[in-house]
Each structure stands twice: as structure tokens, then as C-alpha cells.
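Engineer:
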Amino acid sequence: MSQILVYLTHKNGAVDDCALELAAVARKIDPAGAPIAILSGIGSQLHDACKSLSGAFSEVWKVANQALSHPNAEVVRKALVKIVPANSIVLMAHDHFGIDLAPGLSVNLNAAFVSDILDVEVLDSSCLKVARQEFGGQFSAHVRCDVSSGAVITVRPGAFRATETAPVQGTIVEKTIEVGELTARRRYVETIEPEAGDVDITKQNILVSVGRGIQEQDNIHMAEELAEALEAAVSCSRPVVDAKWLPKSRQVGSSGKTVKPKLYLACGISGASQHLAGIKGSFLIAINKNAKAPIFQVADVGIVDDILEFLPELTNKVRETHAVSSK
Amino acid sequence: MEILVCVKRVPDTSENEIELNETGNDISRDDLVYSINEPDNYAVEEALQITAKVGGSVTVATVGSEEDEEVLRREMAMGASHGVLICDEAFGGSDGRGIAAILNAFVQKRHYDLILTGVQADDGAAQVGGMLAAMLDYPYASLVTWIEVLPDKKLKISREIEGGNREVSEIDLPCVLSIQTGINEPRYVGMRGIRAVASVPVPSLGAAELGLNVASVGACAAKVTRLDYFVPALGQGAEILQGTREENIDKILELLEAKGGLR
Chain P
55 MSQILVYLTH KNGAVDDCAL ELAAVARKID PAGAPIAILS GIGSQLHDAC
105 KSLSGAFSEV WKVANQALSH PNAEVVRKAL VKIVPANSIV LMAHDHFGID
155 LAPGLSVNLN AAFVSDILDV EVLDSSCLKV ARQEFGGQFS AHVRCDVSSG
205 AVITVRPGAF RATETAPVQG TIVEKTIEVG ELTARRRYVE TIEPEAGDVD
255 ITKQNILVSV GRGIQEQDNI HMAEELAEAL EAAVSCSRPV VDAKWLPKSR
305 QVGSSGKTVK PKLYLACGIS GASQHLAGIK GSFLIAINKN AKAPIFQVAD
355 VGIVDDILEF LPELTNKVRE THAVSSK
Chain D
222 MEILVCVKRV PDTSENEIEL NETGNDISRD DLVYSINEPD NYAVEEALQI
272 TAKVGGSVTV ATVGSEEDEE VLRREMAMGA SHGVLICDEA FGGSDGRGIA
322 AILNAFVQKR HYDLILTGVQ ADDGAAQVGG MLAAMLDYPY ASLVTWIEVL
372 PDKKLKISRE IEGGNREVSE IDLPCVLSIQ TGINEPRYVG MRGIRAVASV
422 PVPSLGAAEL GLNVASVGAC AAKVTRLDYF VPALGQGAEI LQGTREENID
472 KILELLEAKG GLR
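Residue numbers (my numbering), protein chains in the order written: chain P, 55 to 381; chain D, 222 to 484.
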């Protein structure tokens with residue numbers, strides 16, 4: 055099997071959480087191989103990040119360059135093209151950075167590209183069979199990927215279990231000079247944090263969360279009334295924010311907030327992976343009129359019903375049995 | 222500014238309950254409702270808003286079959302000046318790389334200052350824009366949620382990164398951007414708008430017109446091939462309540478108390 059390299063991002067000297075997940079993917083593809091980690095950046099934070107991996111990878115390649123002081127996929131791509139050996143398999147996380155970097159890298163390396171994989175098996179020395187999702191998670195597909203001239207593969211964070219392995223005495227290999235000069239046609243300016251909302255959805259016991267199934271802005275009040283009766287808050291999935299029915303501060307998911315209420319009531323939410331990534335450890339109840347919605351695969355309890363009828367009736371029942379004034 | 226928007230016609234998951242066909246190698250495509258890939262529609266709206274401010278025109282193109290002309294006309298009804306159908310039997314079975322190579326051949330024959338795609342389509346691969354940029358050697362940014370045109374052939378853009386943060390950059394033109402949903406509010410298209418563009422010709426270009434070596438695209442060149450579809454089995458699956466609505470509401474109340482701490 056080809057040499058496997060794992061490109062990892064890091065922040066404040068700490069490597070991204072999925073480092074060991076990606077190492078597990080590499081071992082699943084080639085149990086006998088020694089995957090190489092690649093990190094890029096500048097200064098002591100890069101050095102700390104490299105050192106933290108030397109117990110998990112036998113080689114950590116370090117690319118230091120001022121142009122990489124802020125992660126920039128275009129610059130990283132140019133660097134990787136200079137150092138990745140021919141016909142290698144390059145793994146990275148399917149996050150905003152992997153989405154930015156990986157497709158173009160596969161073209162430059164003349165390698166196959168497959169993204170957001172959930173599982174992988176080896177068919178033969180030149181072919182992998184991977185599992186990934188289509189149609190917003192409604193169906194999965196097996197995909198054959200010819201890796202004989204290399205591959206760039208992005209991996210869904212959380213899909214593979216990070217496994218403990220015997221620690222190694224890894225070496226940090228300096229690749230800075232080999233990479234040489236780097237220039238960018240896309241230049242980082244600043245990072246803007248989201249505006250604080252009126253309600254902090256990360257600090258609730260119960261969230262009433264609405265998705266596309268709420269259908270129109272005029273129906274949002276149904277969720278608000280239920281939340282009020284429950285002394286809870288309303289959150290939502292991406293389509294509701296895209297339609298401007300609720301502010302961005304209410305969005306749960308990888309591009310919104312990560313929430314951990316005791317109970318999460320998903321109303322008319324299909325259950326795209328980007329949304330589910332934002333819910334941690336909650337008891338999940340899903341109400342959706344589509345019995346095939348992916349949310350039912352991960353919810354604890356599901357009800358197949360129309361939220362536009364169900365929510366007002368639930369609200370009335372809560373008001374009858376749990377009058378706020380009695381407290 | 223001359224802007225190209227690459228679009229795709231996809232099964233509309235909000236209008237269909239998509240099912241597997243009998244052999245499981247594809248979805249059941251009978252009676253399926255198709256529409257424009259949602260992020261692509263935002264990309265067209267963004268292109269129209271940019272040209273309304275700084276001038277220029279918007280071209281929409283798709284790699285597909287004759288049936289895909291309907292989405293080009295829909296986007297032309299929104300205001301795109303030109304539609305181009307890139308269509309050839311030799312293109313069948315192309316993987317993402319193949320589609321990008323076809324678009325690359327198309328762009329090489331013209332000049333665009335800015336090329337937009339939607340962030341991803343029905344297959345969720347999020348690949349064609351980044352590949353096309355690499356083939357053209359243009360700078361690229363994905364997940365774009367805001368664009369401002371600057372002087373000196375530059376844009377100021379912001380990307381959606383983790384936790385609701387936005388990464389602001391400057392990028393040189395020409396460039397390729399993949400557009401995230403929510404960047405704008407796409408205008409409504411009525412039947413009248415569609416009728417108004419019904420007689421505008423939509424040229425169809427094949428491999429010969431693009432000067433494309435067919436060995437580099439299509440099924441033969443594809444390194445990535447879908448083998449089958451299957452219904453994912455994530456986790457244990459929910460306990461589906463089978464009671465009447467009233468019974469289900471009572472059960473939810475119990476759970477709100479037991480699991481949610483409702484008093």
C-alpha cells in the first residue's frame with residue numbers, strides 16, 4: 055500500500071482533536087505502515103504541536119513559514135505539492151480547512167479525491183472502498199477509489215474511533231527548506247466572532263429546536279410558545295438561519311453553536327451531519343413527518359407527525375399541567 | 222465584471238421522499254422532482270447582486286443532459302444573461318475531477334473574472350470548485366458567506382469557519398469561490414419570468430466544441446466510482462412512538478420531566 059500522510063491543523067500549540075482518528079484511518083488502510091503527520095505554521099506554537107504528536111507518529115514533518123502564520127489553504131497546498139511523495143495517500147479532516155484545501159491538492163498531485171468518508175476498507179493494493187453519505191445523509195453510498203496514482207481523502211470528524219497504540223519515539227523532520235518560498239493570492243485579514251444573541255442557547259436545560267419543517271417565518275411562534283411554557287429556549291438548524299427566520303446566534307451545528315442541553319427536542323429537523331455535530335450528550339427527541347429522516351437514526355425517541363399540528367397541542371398540554379405561575 | 226456560475230440540477234430532497242431502486246445501485250428516479258441545487262441558487266443571486274453594483278454580466282453553465290436546460294432557464298429568469306449547456310455522451314460517468322476538467326476546457330476558451338459554484342451538491346462532495354481553481358491556477362476560497370468588490374482586481378470575502386466565526390480575507394481576481402447558503406436572499410422566480418426567457422437560445426457545447434480530449438473525462442478516466450447506495454445504520458435508531466398523538470404528547474411530557482428536568 056502507498057505511503058500515508060496525515061495533514062493536521064493546530065491552534066495555540068494544540069493539534070486538532072481528530073489527529074488520532076486520522077491515525078486510526080491510516081492503520082485501517084495499512085496496518086503495517088507508518089503514517090507520517092504533516093504540520094505547518096510558524097514559531098513555538100508549531101513546534102509545540104509537532105512535539106505533541108511525536109508519541110503517536112513515527113515521523114512528524116514540520117513546515118515553518120511566515121506565510122503560514124495564519125492557516126491558508128492555498129499556501130498549504132503549494133507547500134504540500136513540494137513535499138508529498140508521488141502516489142501517496144493524504145488524509146485530512148473534512149472541516150472548513152479540509153474543504154478549502156483537499157480538492158485542489160488532489161488535482162495538483164494528480165491523485166484521486168474522495169471526501170467526507172465514514173468508513174474505509176481495502177479492496178486490493180490499488181483500490182479502496184469507502185462509505186460516505188449523499189442527499190443530506192438520507193442515503194449512504196459505497197464508492198470505489200483507485201489509489202494507484204495516490205489519493206486525497208477527507209474524513210468526517212467523529213466517524214472513526216481514535217484507538218490507543220503503543221507510543222513511538224517519533225522524530226520531527228524539518229521540511230521548511232524543501233518547501234522554500236511561499237506566496238499567497240489570498241491574504242488573511244481578520245476573524246470576526248459571531249454577534250452575541252439575546253439568548254445563550256449553550257446554557258439551557260431544554261432546547262426546542264426547529265428546522266426546515268417549520269416551513270415559514272409565521273410558524274416560528276409555535277416553537278417560541280412551547281419554549282416559553284417549558285421555560286426553555288428556541289434554537290434551530292441552518293435552513294432556518296439561511297431564510298432569516300431566526301438569528302445566527304440560535305443556530306446549532308458545526309458552523310453554529312455546540313450545545314449540550316439535558317433534552318433536545320428536534321422539530322422538523324432532517325438531521326444533517328453538520329447539525330448533529332453541534333449536539334453533545336443530550337437526550338434527543340425527534341418529531342418529523344418524514345419517517346425516513348436521518349434524525350431518527352440518532353434520536354433516542356422519535357415521533358412521526360406534522361410539527362405544525364403537534365407543537366401547538368403539546369404546548370397546550372404543557373400549559374395545562376405545568377402552569378408557570380404555580381412555581 | 223464577467224461572472225460564470227456553475228450550477229447543477231439535483232433531486233429536490235424537500236419535495237421528494239427519495240428511495241432506493243430495486244437493485245440498490247441508484248435512487249429510484251421515476252417521478253422525482255428536480256430543482257436547482259440550493260447553494261448554486263445563492264451563487265447566482267450573489268453574482269447578480271455583484272454585477273448590479275459594478276456592471277458586467279452573469280453566465281450560468283451546467284455539465285449535464287438536455288433535461289438540465291430547465292435549471293439554466295430558471296437561473297436566466299432570475300437575471301443571468303447567458304446559459305450554456307455542456308453536454309456530450311462522452312461525459313457520462315465522469316467523477317468530480319472529470320466534471321472539473323470539462324468546466325476547465327470551457328473556461329479556457331473564454332475569460333471570466335470570477336467563477337462561482339455552490340458549496341456542495343447532492344453528493345455532498347464539495348469538490349468541483351476547488352479542482353477547477355487548481356486546474357486554472359486561480360486562487361480559491363470555499364464556504365464563502367460575504368463578498369465585497371475592491372478596486373485593483375481584488376475581492377474582500379468572508380468564509381464560514383467553526384463556531385459561527387467568519388474568516389475575512391482578500392483574494393485576487395480572477396478567482397473561484399464556493400458559495401454557502403444564507404449569503405443572500407435569492408429572488409423569487411415566477412412562471413412569467415421563465416416564459417420571458419423561453420425563446421432565448423441556450424447553446425449546447427460538446428467535447429469537440431470545447432477541444433477536449435474525451436479520454437481525459439467520462440467513465441474511463443474516473444478514478445472514483447459509486448458502487449451502490451445503502452440506507453445508513455448510524456447508532457441504534459430511535460424508539461419510534463406508535464401511539465395516538467395524545468398518547469405521544471403524554472409520553473413526551475414524561476420525558477421532559479425525567480430527562481429534561483421539567484418541573
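All C-beta atoms in this analysis are idealised placements derived from N, C-alpha and C, irrespective of residue type, glycine included.
Answer with yes or no whether the minimum CB distance from P360 (chain D) to chain P is below 8 Å.
Structural biologist: Indexing the second sequence from 1 puts residue 360 (chain D) at position 139. Answer yes: the Cβ-Cβ gap between P360 (chain D) and chain P drops below 8 Å somewhere.
Engineer: Find the nearest neighbour of V129 (chain P) within the set D:D358, D:G481 and D:A417, judged by alpha-carbon distance.
Structural biologist: What you label residue 129 (chain P) is simply residue 75 of the first sequence in a count that begins at 1. Cα-wise, what sits closest to V129 (chain P) is D:D358.
Engineer: Of all the options D:V410, D:A443, D:A419 and D:E478, which has the alpha carbon lying nearest to the alpha carbon of H303 (chain D)?
Structural biologist: Here residue 303 (chain D) refers to the residue found at position 82 of the second sequence. Out of D:V410, D:A443, D:A419 and D:E478, D:A419 has the C-alpha closest to the C-alpha of H303 (chain D).
Engineer: Report the rounded CA-to-CA distance for L177 (chain P) versus K183 (chain P), giving the unit in angstroms.
Structural biologist: On the first sequence, position 123 is the one that residue 177 (chain P) refers to. On the first sequence, position 129 is the one that residue 183 (chain P) refers to. Computed Cα separation, rounded: 6 Å.
Engineer: Does the region 258-269 of chain P come close enough to the region 206-214 of chain P to have 3 or more Cβ pairs within less than 8 Å?
Structural biologist: no
Engineer: Taking any Cβ of chain P, which residues in the region 425-448 of chain D have a Cβ under 8 Å from it, in chain order?
Structural biologist: K444, V445, T446, R447 and L448
Engineer: For F337 (chain P), I'd like the list of residues in its chain whose CB is within less than 6 Å of its CB, leaving aside the five on either flank, ordered along the chain.
Structural biologist: Working through the first sequence from its first residue, we reach residue 337 (chain P) at position 283. Cβ neighbours of F337 (chain P) beyond the five flanking positions: L317 and D354.
Engineer: For the pair the region 165-176 of chain P and the region 427-435 of chain D, tell me if three or more CB-CB distances fall below 8 Å.
Structural biologist: no
Engineer: Just the chain P side, please: which residues come within less than 9 Å of R250 (chain D) by C-beta, in chain order?
Structural biologist: Within the second sequence, numbered from 1, the residue matching residue 250 (chain D) stands at position 29. Those do not exist, as R250 (chain D) stays about 13 Å from chain P at its closest Cβ, beyond 9 Å.
Engineer: So, helix, strand or coil for F312 (chain D), using DSSP?
Structural biologist: For the purposes of this step, residue 312 (chain D) is taken as the residue at position 91 of the second sequence. Three-state result, F312 (chain D): helix.
Engineer: Which class does A250 (chain P) belong to by DSSP, given the choice of helix, strand or coil?
Structural biologist: Numbered from 1 along the first sequence, position 196 holds the residue referred to as residue 250 (chain P). Coil.
Engineer: Tell me, please, whether the CB atom of T237 (chain P) is closer than 8 Å to any CB atom in chain D?
Structural biologist: Residue 237 (chain P) sits at position 183 when you count from the first residue of the first sequence. False, the Cβ-Cβ gap to chain D never drops below 8 Å.
Engineer: Could you have a look at N231 (chain D) and say whether DSSP puts it in helix, strand or coil?
Structural biologist: For the purposes of this step, residue 231 (chain D) is taken as residue 10 along the second sequence, with counting starting at 1. One point to set straight first is that residue 231 (chain D) is Val, not Asn, in the sequence displayed. Three-state result, V231 (chain D): strand.
Engineer: To test your reading of the DSSP string, which unbroken beta strand (DSSP E) runs of 3 or more residues are found completely within the region 186-259 of chain P?
Structural biologist: 193-200, 205-209, 225-228 and 240-246
Engineer: Helix, strand or coil: which one does DSSP assign to E363 (chain P)?
Structural biologist: For the purposes of this step, residue 363 (chain P) is taken as the residue at position 309 of the first sequence. In this structure, E363 (chain P) counts as helix in the three-state DSSP scheme.
Engineer: Starting from I323 (chain P), trace the alpha helix (DSSP H) in both directions and tell me its first and last residue.
Structural biologist: Translated into positions along the first sequence, residue 323 (chain P) becomes position 269. Taken as a continuous stretch (DSSP letters only), I323 (chain P) belongs to no alpha helix (DSSP H), as it is neither H nor E.
Engineer: Hey, would you say L362 (chain P) sits closer than 8 Å to L280 (chain P), going by beta carbons?
Structural biologist: The count along the first sequence starts at 1 and reaches residue 362 (chain P) at position 308. The count along the first sequence starts at 1 and reaches residue 280 (chain P) at position 226. No, the pair does not count as a contact, with Cβ atoms beyond the cut-off.
Engineer: Comparing C-alpha positions only, which one of D:V410, D:N386 and D:G350 sits nearest to I400 (chain D)?
Structural biologist: By one-based count along the second sequence, residue 400 (chain D) stands at place 179. Out of D:V410, D:N386 and D:G350, D:G350 has the C-alpha closest to the C-alpha of I400 (chain D).
Engineer: Taking the alpha carbon of V313 (chain P) as the point to measure from, which residue in P:A297, P:A326 and P:C290 has its own alpha carbon closest?
Structural biologist: Taking the first residue of the first sequence as position 1, residue 313 (chain P) is located at position 259. The residue with the shortest Cα to Cα distance from V313 (chain P) is P:C290.
Engineer: Since E430 (chain D) sits in a beta bridge, which residues does DSSP pair it with?
Structural biologist: Position 209 of the second sequence, counting from 1, holds the residue named residue 430 (chain D). Beta-bridge pairing links E430 (chain D) to no other residue.
Engineer: Just tell me which of D:T446, D:R466, D:L483 and D:I323 has its CA closest to the CA of N246 (chain D).
Structural biologist: Position 25 of the second sequence, counting from 1, holds the residue named residue 246 (chain D). Answer by Cα proximity: D:T446.
Engineer: Between the C-alpha atoms of V226 (chain D) and T219 (chain P), what's the straight-line distance to the nearest angstrom?
Structural biologist: Start at 1 with the first residue of the second sequence, and residue 226 (chain D) comes out as number 5. Start at 1 with the first residue of the first sequence, and residue 219 (chain P) comes out as number 165. So the two alpha carbons sit approximately 47 Å from each other.
Engineer: Taking 8 Å as the threshold (C-beta atoms), are T234 (chain D) and F189 (chain P) in contact?
Structural biologist: The count along the first sequence starts at 1 and reaches residue 189 (chain P) at position 135. The count along the second sequence starts at 1 and reaches residue 234 (chain D) at position 13. In this structure, T234 (chain D) lies closer than 8 Å to F189 (chain P) by Cβ.
Engineer: Considering Cα atoms alone, identify which of D:E475, D:Y450, D:K274 and D:S390 is closest to R198 (chain P).
Structural biologist: By one-based count along the first sequence, residue 198 (chain P) stands at place 144. Among D:E475, D:Y450, D:K274 and D:S390, the Cα nearest to that of R198 (chain P) is on D:Y450.
Engineer: Check whether the Cβ atoms of R380 (chain D) and V365 (chain D) sit closer than 8 Å, and answer yes or no.
Structural biologist: Locating residue 380 (chain D) in the second sequence gives position 159, where the first residue counts as 1. Locating residue 365 (chain D) in the second sequence gives position 144, where the first residue counts as 1. Going by C-beta atoms, R380 (chain D) is nearer than 8 Å to V365 (chain D).
Engineer: Starting from H101 (chain P), trace the alpha helix (DSSP H) in both directions and tell me its first and last residue.
Structural biologist: As a working note, residue 101 (chain P) is residue 47 in the first sequence. Run containing H101 (chain P): G97 to L107, per the alpha helix (DSSP H) assignment.
Engineer: For the region 153-183 of chain P, which residues have a beta carbon sitting closer than 9 Å to at least one beta carbon of chain D?
Structural biologist: Answer in chain order: I153, D154, L155, A156, P157, G158, L159, S160, V161, N162, A165, A166, F167, V168, S169, D170, L172 and K183.
Engineer: Considering only the alpha carbon of each residue, which of P:S106, P:A347, P:E235 and P:P139 lies closest to P221 (chain P)?
Structural biologist: Residue numbering aside, residue 221 (chain P) sits at position 167 when the first sequence is read from its first letter. It is P:S106.
Engineer: Strictly under 8 Å for the Cβ-Cβ distance: is R304 (chain P) near chain D by that measure?
Structural biologist: Looking up residue 304 (chain P) in the first sequence gives position 250. For R304 (chain P), the answer is no, since every Cβ of chain D falls outside 8 Å of its Cβ.
Engineer: In terms of residue numbering, what span does the alpha helix (DSSP H) encompassing R294 (chain D) cover?
Structural biologist: Translated into positions along the second sequence, residue 294 (chain D) becomes position 73. It spans E290 to M299 - the alpha helix (DSSP H) in which R294 (chain D) sits, taken as one unbroken run.
Engineer: Verify the CB distance criterion: does F451 (chain D) have a CB-CB separation below 8 Å to chain P?
Structural biologist: As a working mapping, residue 451 (chain D) is identified with position 230 in the second sequence. Chain P, which has a Cβ nearer than 8 Å to the Cβ of F451 (chain D), makes this yes.
Engineer: Hey, does Q348 (chain D) have any beta-carbon neighbour from chain P nearer than 8 Å?
Structural biologist: By one-based count along the second sequence, residue 348 (chain D) stands at place 127. Q348 (chain D) counts as touching chain P.
Engineer: Could you tell me the distance, in whole angstroms, from the CA atom of G234 (chain P) to the CA atom of E238 (chain D)?
Structural biologist: Taking the first residue of the first sequence as 1, we reach residue 234 (chain P) at position 180. Taking the first residue of the second sequence as 1, we reach residue 238 (chain D) at position 17. Those two C-alpha atoms are separated by around 53 Å.
Engineer: Applying the criterion that 16 or more other CB atoms from any shown protein chain within 10 Å of the CB defines a buried residue, is T217 (chain P) buried or exposed?
Structural biologist: Taking the first residue of the first sequence as position 1, residue 217 (chain P) is located at position 163. Exposure of T217 (chain P) is indicated by the presence of fewer than 16 other C-beta atoms within 10 angstroms of its C-beta.
Engineer: Taking the beta carbon of P395 (chain D) as the centre, do at least 16 other beta carbons fall within 10 Å, making it buried, or is it exposed?
Structural biologist: Here residue 395 (chain D) refers to the residue found at position 174 of the second sequence. Buried: at least 16 other Cβ atoms inside 10 Å.
Engineer: Tell me the rounded alpha-carbon separation between D200 (chain P) and Q57 (chain P).
Structural biologist: To locate residue 200 (chain P), count along the first sequence from 1; it is residue 146. To locate residue 57 (chain P), count along the first sequence from 1; it is residue 3. In a straight line, the C-alpha of D200 (chain P) is about 15 Å away from that of Q57 (chain P).
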